[in-house]
Amino acid sequence: MKRHLLKTLLATAAIAALAPISALAQQETIRIGIITHDTGPFATPGREFRAGIEIFRELNGDSVGGRKVEIIYRDMGGPNPANARRYAEELVVRDKVSILGGFYLTSDASAASAVINQTNTPTVLFVAASPTLLPQSQWFVRAGQNIGQSAVAAAQFALKSGKRKAYVAVSDYAPGHDVQRFFRSAFEAGGGKIVDELRAPLNTVDYAPTAERIKNADIDVLDIFVPPGAAAVSFTKALAAQGVMKRNLVIGMGEAEDADLNLFDDSIIGFHQALYYAESIDNPENRAFTAALKKKFGNDRSPTFTAVSAYDGMGLIYRMIESQKGKAFDAKTAHQASLGVTMRSPRGALTIDAGTREPVQDIHIRRIDKVNGKLMNTVVDTFKAVRAPVVAN
Amino acid sequence: MDQLTPAITFILLYGVSFGIVLFVISIGLVLTLGLMRIVNLAHGVFAVLGGYLAFKLPTLLGISFLASAVLAVLLVLLIGIFLERVFFRWLFGMSELEQVLATIGFCFAFIALLTFAFGPNVLATKYPEWLSGNISVLGRPFPVYRVFVMVVGLVILLGLWLLFDHTSFGATLRACVDNQSMAKATGINVNWYFSVAFAIGAGLAAIGGIVGAGMLPLEPLYPFKHLPLFLTIVALSGFGNIKASLVVSLVVGLVDTAGRYFVPELGAFTVFTLLVILVLWRPQGLLVGLK
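Chains as they are written, first to last, in this note's numbering: chain A, 8 to 400; chain B, 1139 to 1429.
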């Protein structure tokens, strides 16, 4: 307890000491800290974070409002919330960053919230999607999605398609539980019935038993949520092998983006996903984003929702910096500048709700098909201007 | 009853095919641990390396999947001999803790190397056409791929049995293990035999990695992620007991499949509960003392 108090005092002292200096040097560089995963099990989304940030700076420059922006990355190296807290503290206290960004996992953001609250640091959550997160800090603003947005859209799409008997199969971790709750309440509210549910542990290797169980249930729609990568590949292959993919409407979230489709075989055809980004969205921002991405990283690189979230997160951070108008950095002004704002994003219009600090955005239902001999996600339905649902129980 | 019969045939078919993949990958570890007393936590490295080579070589060299699988296993054999000479040999006679630290460190270094070379993503693995599709087994559709896995497993089992119990190589190797100094005194080149045994273990792991990629997807974290499964088999098999490790693999595959089917929420809990019970019941290995 004593050490904790001392730390807080030191942190406050450091910031107080810094204030007059930065007031003198108005044109000084503004630093932002990005907490990401460059190594470990989440290195794939971490790579997308960096891609989104780099493309944003390529298209929008590395300075804004007359201030040069310097980015400092911290690699979490794995799901270790204690590190997130430590890195947030180091970034704010030692590296003197003004704004924090990044955060792939909800647990990362949650662990850092105490430091953020003590140091009053405006923070943009790129992907962390738990509905429970924003109440933990008034400084959090979300650039990606509230996971309930996509889960509710999936339920509504199933209802719209005439489905009434659902199975919900999710990975047994917090985001999976969130999807399960949101899908269930939205589906039941629309007159559907949840026939059965299951939570598969994250370390599941062979999904054949899970798929067999689902096959034996009398259902017309299956909602799934598993992390992209090994789990998604194994689970969808097992579902296809049991004929579930052909027999039922199967809806997921981000399991098989275009960038991942080379991992799947043709058995994935017909798989639906509800998400706030689709590769095929046709607007100037998405065209520019995709072109810049392919130019920088090669033609076989496809855009992902993670990269677009980081891109938009940077957009919010740049607005925060712009609001300073050359004065000494004021956290409150910066935070306010991100609220109620509407941006033209590669995903379409993105508004940050001033009250909830959650994004308001379109949710696309995408279906995997074979187009010109190549697997691709195509948008089959779009739910316009979806708000974050109120937390369901 | 009507519901139970399909469930039981399902568990039999899928449990046995999963168990056989575990057997093929783990058998190398059972051998090295049993023969050479090395706790090699980096054993999965050979499996994932074989898998990466087998699925990368067809596009690089323009050869068929079967040819590249054979080539990959041979390459891993050679790499196994090389690594045994320059690295693993130094671990003989060290304490278990030192062996564990050295091999887990090697495992992490290799994971970083794979990530650096191929990226952190799962490797795209597509088996050739003739392995896709279903056939009817016991009155239900069953993937051809899983039949193939079972066949490969049985061939390996037969090969090992012939090699160890019916050749002079096998007899010599067993002599090296049972009494190293006496074997040396009779003029046997003990080090060479250990190198070969280690390489065989690495090659078998590679086969397991290639054949099992449809169940255990290839990714840089593979050697670490699936380590608990491999160690479960080894712990229950006892030192160097091939027959026991087959039985144990099948039991683990069946219990895991049944557990995930009947009580999905418990997940790996069922199989690890089994591990705890069996280790308490037979700490020396499942079949030890049953002869």
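Beta carbons are placed, not taken as given, at the ideal position from N, Cα and C, and that holds for glycine. None of these values were measured; they are calculated from a predicted model.
message = Counting only beta-carbon separations shorter than 8 Å, does Lys1264/B have a partner in chain A?
response = Yes, because at least one Cβ of chain A sits closer than 8 Å to the Cβ of Lys1264/B.
query = Assuming Ser114/A and Pro86/A make a contact with CB atoms under 8 Å, what is their CB distance in whole Å?
reply = 7 Å
ask   = Nearest to Thr36/A by CA position, among Gly72/A, Ala50/A, Leu346/A and Phe49/A, is which residue?
value = Gly72/A
message = Rounded to whole angstroms, what is the Cα-Cα separation between Arg191/A and Lys167/A?
response = Distance between the alpha carbons of Arg191/A and Lys167/A is about 15 Å.
ask   = For Pro138/A, which three-state DSSP category applies?
value = coil
Cβ-Cβ separation, Phe1368/B to Leu1167/B (assumed contact under 8 Å), whole Å = 6 Å
key: Cα-Cα separation between Leu1416/B and Thr358/A, rounded to whole angstroms   = 58 Å
query = Do Thr311/A and Phe278/A have their C-beta atoms within less than 8 Å of each other?
reply = no
query = Which first and last residues belong to the beta strand (DSSP E) in which Gly355/A is found?
reply = Gly355 to Ile359
ask   = Where do the N-terminal and C-terminal ends of the beta strand (DSSP E) with Lys377/A fall, by residue?
value = Pro366 to Val378
task = Below 8 Å on the Cβ atoms is my guess for Ala239/A versus Val233/A; work out the distance and round it to an integer in Å.
result = That pair is a contact at about 5 Å.
key: Val1401/B, DSSP secondary structure in three states   = coil
request  = Determine, using beta carbons only, whether Asp82/A comes closer than 8 Å to chain B.
outcome  = no
query = Taking Cβ positions, are Ala207/A and Asp319/A nearer each other than 8 Å?
reply = no
query = Measuring CB to CB, does Asp82/A end up less than 8 Å from Arg38/A?
reply = No.
inquiry  = Using only the alpha-carbon positions, how far apart do Pro366/A and Pro142/A sit?
reply    = Between Pro366/A and Pro142/A, the alpha-carbon positions lie close to 15 Å from each other.
Beta bridge counterpart(s) of Ile258/A as assigned by DSSP = Asp230/A and His279/A
request  = Take Val1238/B and list the residues in its own chain whose beta-carbon comes closer than 8 Å to its own, dropping the five residues that flank it on each side.
outcome  = Val1177 and Leu1179
ask   = Using a beta-carbon distance cut-off of less than 7 Å, what residues from the segment 220-243 of chain A approach chain B?
value = Arg220, Gly236, Ala237, Val240 and Ser241
key: Assumed close pair Gly1391/B, Leu1424/B - CB separation to whole angstroms, cut-off 8 Å   = Contact flag wrong, Cβ pair sits at about 14 Å.
inquiry  = Is there a C-beta anywhere in chain B that falls below 8 Å from the one on Thr211/A?
reply    = yes
ask   = Among Phe110/A, Val251/A and Leu107/A, which residue has its Cα nearest to the Cα of Tyr174/A?
value = Val251/A
inquiry  = Please identify the residue among Ala1396/B, Ala1351/B and Asp1303/B whose C-alpha is closest to the C-alpha of Ala1147/B.
reply    = It should be noted that the sequence gives Thr, not Ala, for residue 1147/B. Checked all of Ala1396/B, Ala1351/B and Asp1303/B; the closest Cα to Thr1147/B is Ala1396/B.
query = Beta-carbon separation of Arg308/A and Leu300/A under 8 Å?
reply = yes
key: Best match in Leu1195/B, Leu1252/B and Arg1278/B for proximity to Leu1151/B [C-alpha to C-alpha]   = Arg1278/B
message = Cβ closer than 7 Å: which chain B residues qualify as neighbours of Leu246/A?
response = Result: empty, since nearest Cβ-Cβ is about 13 Å, beyond 7 Å.
ask   = Considering only the beta carbon of each residue, do Val1334/B and Phe1248/B sit closer than 8 Å?
value = no
query = Once you ignore the five residues that flank Leu1276/B on each side, which residues in its own chain have a CB closer than 6 Å to its CB?
reply = Thr1147
key: Beta-carbon proximity check, Asn210/A vs Leu229/A, cutoff 8 Å   = no
task = Would you kindly work out how many angstroms separate the C-alpha atoms of Gly1153/B and Leu1388/B, rounded to a whole number?
result = Taking the straight line joining both Cα atoms gives about 7 Å.
inquiry  = Buried or exposed for Met1320/B, going by 16 or more other Cβ atoms inside 10 Å?
reply    = exposed
query = How is Asn1329/B classed by DSSP in three states: helix, strand or coil?
reply = helix
key: Counted within 10 angstroms of its Cβ, other Cβ atoms place Glu1403/B as buried (16 or more) or exposed   = exposed
query = Quick one: is His1181/B near chain A, going by C-beta distance under 8 Å?
reply = Not one chain A Cβ lies under 8 Å of His1181/B.
ask   = With burial defined as no fewer than 16 other Cβ atoms inside 10 Å of the residue's Cβ, what is the status of Trp146/A: buried or exposed?
value = By the 10 Å Cβ count, Trp146/A comes out buried.
inquiry  = For Asn1379/B and Gly1188/B, which I take to be in contact (beta-carbon distance under 8 Å), what is that distance rounded to the nearest angstrom?
reply    = Not confirmed; about 24 Å, so no contact.
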